[in-house]
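Student: Residue numbering for the sequence shown follows numbering that gives the first Met the number 0, starting at 0 and increasing by one per position.
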Amino acid sequence: MDARLDLLASPVVGKALKHLMAAGRAVKESTIPAATQELVALRVSQINGCAACIDMHTKEAALAGETPLRLNLVVAWREATVFTEAERAALELAEEGTRTADAAGGVSDEVWERAALHYDAEELMALVLHIGFMNMANRMNVITRQPAGDYVPGRFH
């Protein structure tokens with residue numbers, strides 16, 4: 000598959016990504032565990048069918064020490080026993096925050112309350128930003144048909 004556009008060659012995208020990457024660093028530096036951040040990024044990307052981001056976040060998570068078992072079970076996290084309650088709450092928030100068109104009311108109070116049991120206000124804001132950033136990146140990559148498979152860990156982090 001060939002990309003419709005080379006996003007990294009565009010001066011406009013380059014300028015915008017510079018600012019987005021800086022904002023993303025703030026989320027990366029939050030107290031949310033790196034593993035949770037990668038699991039959330041992977042789940043959002045799975046839902047959106049973003050092959051480039053699935054490639055990236057699977058490799059980044061593996062480099063950070065995530066196990067193949069947990070990476071393979073993210074897609075079925077509800078039935079898997081390998082995730083902590085905090086990770087499950089983050090994944091649930093990511094799903095409802097990504098599937099806003101499917102969940103007519105957006106993120107339910109129950110999902111928000113479960114997340115708030117495990118994350119403080121700053122961490123919740125970091126999760127919300129992370130979910131939003133991932134959805135934007137997924138949409139850019141899907142629209143422009145960015146290919147997957149050749150991502151080298153650390154390239155954007």
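From the three backbone atoms N, C-alpha and C, an ideal C-beta is built for every residue, glycine too. Just so we're clear, the structure is a prediction, and the values are computed from it rather than from any experiment.
How many Å lie between valine 43 and cysteine 49 at the Cα?
Tutor: Rounded to the nearest angstrom, the two C-alpha atoms are 9 Å apart.
Student: Return the Cβ separation of alanine 63 and glutamate 37 in integer angstroms, given the expectation that the two are a contact with Cβ distance under 8 Å.
Tutor: Indeed they touch by this definition, with Cβ atoms about 6 Å apart.
Student: Within this structure, are the beta carbons of alanine 100 and leucine 126 separated by less than 8 Å?
Tutor: No, these two residues do not count as a Cβ contact at 8 Å.
Student: Which residues in the same chain as proline 152 place their Cβ atom closer than 7 Å to its Cβ, once the five residues preceding and following it in sequence are excluded?
Tutor: Only Lys58, Glu59 and Leu62 meet the Cβ criterion.
Student: Please check the pair methionine 55 and arginine 144, which I expect to be a contact at CB under 8 Å, by giving their CB distance rounded to whole angstroms.
Tutor: Between arginine 144 and methionine 55 the Cβ distance is about 15 Å, and since that is not below 8 Å, they are no contact.
Student: Below 8 Å between beta carbons: does that hold for alanine 51 and alanine 147?
Tutor: Yes, these two residues count as a Cβ contact at 8 Å.
Student: Between valine 26 and valine 39, what straight-line distance do the alpha-carbon atoms span, to the nearest angstrom?
Tutor: Each residue's Cα considered, the two are about 12 Å apart.
Student: Is proline 52 helix, strand or coil when you go by DSSP?
Tutor: Here residue 52 turns out to be cysteine, not proline, going by the sequence shown. Cysteine 52: helix per DSSP, three-state reduction.
Student: Please determine, among Trp76, Arg154 and Val141, the residue with the shortest C-alpha to C-alpha distance to arginine 3.
Tutor: Residue Val141 is the option with its Cα nearest to arginine 3.
Student: Along the chain, which unbroken stretches of the beta strand (DSSP E) at least 3 residues long are found entirely within the stretch 68 to 135?
Tutor: Whole beta strand (DSSP E) segments, 3+ residues: zero.
Student: Thinking C-beta only, is serine 29 closer than 8 Å to glutamate 91?
Tutor: Result no, Cβ atoms of glutamate 91 and serine 29 do not sit closer than 8 Å.
Student: Would you please state the rounded distance, in angstroms, between the beta carbons of leucine 19 and phenylalanine 132? I believe it to be under 8 Å.
Tutor: The Cβ separation is near 7 Å, so the contact holds.
Student: In chain order, what residues of the same chain have a beta carbon less than 7 Å from the beta carbon of alanine 21, not counting five sequence neighbours either side?
Tutor: Here the set comprises nothing.
Student: Within a Cβ cutoff of 6 Å, which residues of the same chain sit near histidine 117, ignoring the five residues on either side of it in sequence?
Tutor: Hits under 6 Å: Ala85 and Ala88.
Student: List the endpoints of the continuous alpha helix (DSSP H) containing leucine 19.
Tutor: Per DSSP, leucine 19 belongs to the alpha helix (DSSP H) from 10 to 27.
Student: Would you say leucine 123 and valine 73 are within 8 Å of each other, going by their C-beta atoms?
Tutor: No, the pair does not count as a contact, with Cβ atoms beyond the cut-off.
Student: Closer than 7 Å by C-beta to arginine 98: which residues in its own chain qualify, once you throw out the five before and the five after it? Chain order, please.
Tutor: Cβ neighbours of arginine 98 beyond the five flanking positions: Ile46.
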